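Asker:
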Amino acid sequence: MSKGIGNKRYTPEFKKIVVKTMREEGLSYKETRLRFEIAGEARVRNWEGIYLEEGSEGLAVERRGRKITGRPRKLPQSTEEDLIAENQRLRA
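The opening residue of the sequence shown carries number 44 in the working numbering; numbering runs sequentially from there.
1) Measure the alpha-carbon distance for Glu68 versus Gly92 and round it to whole angstroms.
2) Report the residue from Tyr94, Arg114 and Gly108 whose alpha carbon sits nearest the alpha carbon of Pro55.
3) State the Cα-Cα distance for the pair Glu105 and Ala128, rounded to the nearest angstrom.
4) Tell me the residue span of the alpha helix (DSSP H) that contains Glu96.
5) Could you tell me whether the Cβ atoms of Glu80 and Tyr72 are closer together than 8 Å?
6) What is the DSSP secondary structure of Tyr72, reduced to helix, strand or coil?
7) Buried or exposed: Arg134, going by 16 or more other Cβ atoms within 10 Å of its Cβ?
8) Looking at the structure shown, is Thr112 part of a helix, part of a strand, or coil, going by DSSP?
9) Looking at the unbroken alpha helix (DSSP H) that takes in Glu123, where does it start and where does it end?
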């Protein structure tokens with residue numbers, strides 16, 4: 044079994060060049076992957092989808108990792124006290 048290219052980070056500029064070249068020259072995902080030595084056709088397909096939906100700025104967004112979930116952070120005590128005081132003032 045051969046070893047793959049592994050986890051490699053690609054710059055937003057590189058992603059943009061890959062997608063533009065693929066679309067301008069009418070390359071398939073496989074041809075594009077081989078030409079630019081990218082691990083996996085799905086990666087190229089994902090970049091194209093992001094480019095079509097969000098433009099070149101979308102390729103710069105980091106999408107790896109888990110999204111932050113859970114309870115929202117608590118307000119600092121002083122902010123909470125200020126809000127309570129303001130509510131009482133407004134009710135009067």
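Think of the CB as a built atom: it goes at the ideal place given N, C-alpha and C, for glycine as much as any other residue. No experiment lies behind these values; they were computed from the predicted model shown.
Answerer: Looking at the coordinates:
1) To locate residue 68, count along the sequence shown from 1; it is residue 25. To locate residue 92, count along the sequence shown from 1; it is residue 49. Distance between the alpha carbons of Glu68 and Gly92: 17 Å.
2) The residue you call residue 55 lines up with position 12 of the sequence shown. Closest option to Pro55, Cα to Cα, is Tyr94.
3) Taking the sequence shown and counting its residues from 1, one reaches residue 105 at position 62. Taking the sequence shown and counting its residues from 1, one reaches residue 128 at position 85. In this structure, the straight-line span from the alpha carbon of Glu105 to that of Ala128 is close to 41 Å.
4) Within the sequence shown, residue 96 is the residue found at index 53, counting from 1. Its alpha helix (DSSP H) spans residues Glu84 to Glu97.
5) Residue numbering aside, residue 80 sits at position 37 when the sequence shown is read from its first letter. Residue numbering aside, residue 72 sits at position 29 when the sequence shown is read from its first letter. Not closer than 8 Å, so no.
6) Taking the sequence shown and counting its residues from 1, one reaches residue 72 at position 29. Three-state DSSP puts Tyr72 in a helix.
7) On the sequence shown, residue 134 is found 91 positions in, with the first residue counted as 1. Classification of Arg134: exposed, given that the 10 Å Cβ count is below 16.
8) Within the sequence shown, residue 112 is the residue found at index 69, counting from 1. Here Thr112 sits in coil by DSSP.
9) The residue labelled residue 123 in the question sits at position 80 within the sequence shown. Gln120 to Arg134 is the extent of the alpha helix (DSSP H) around Glu123.
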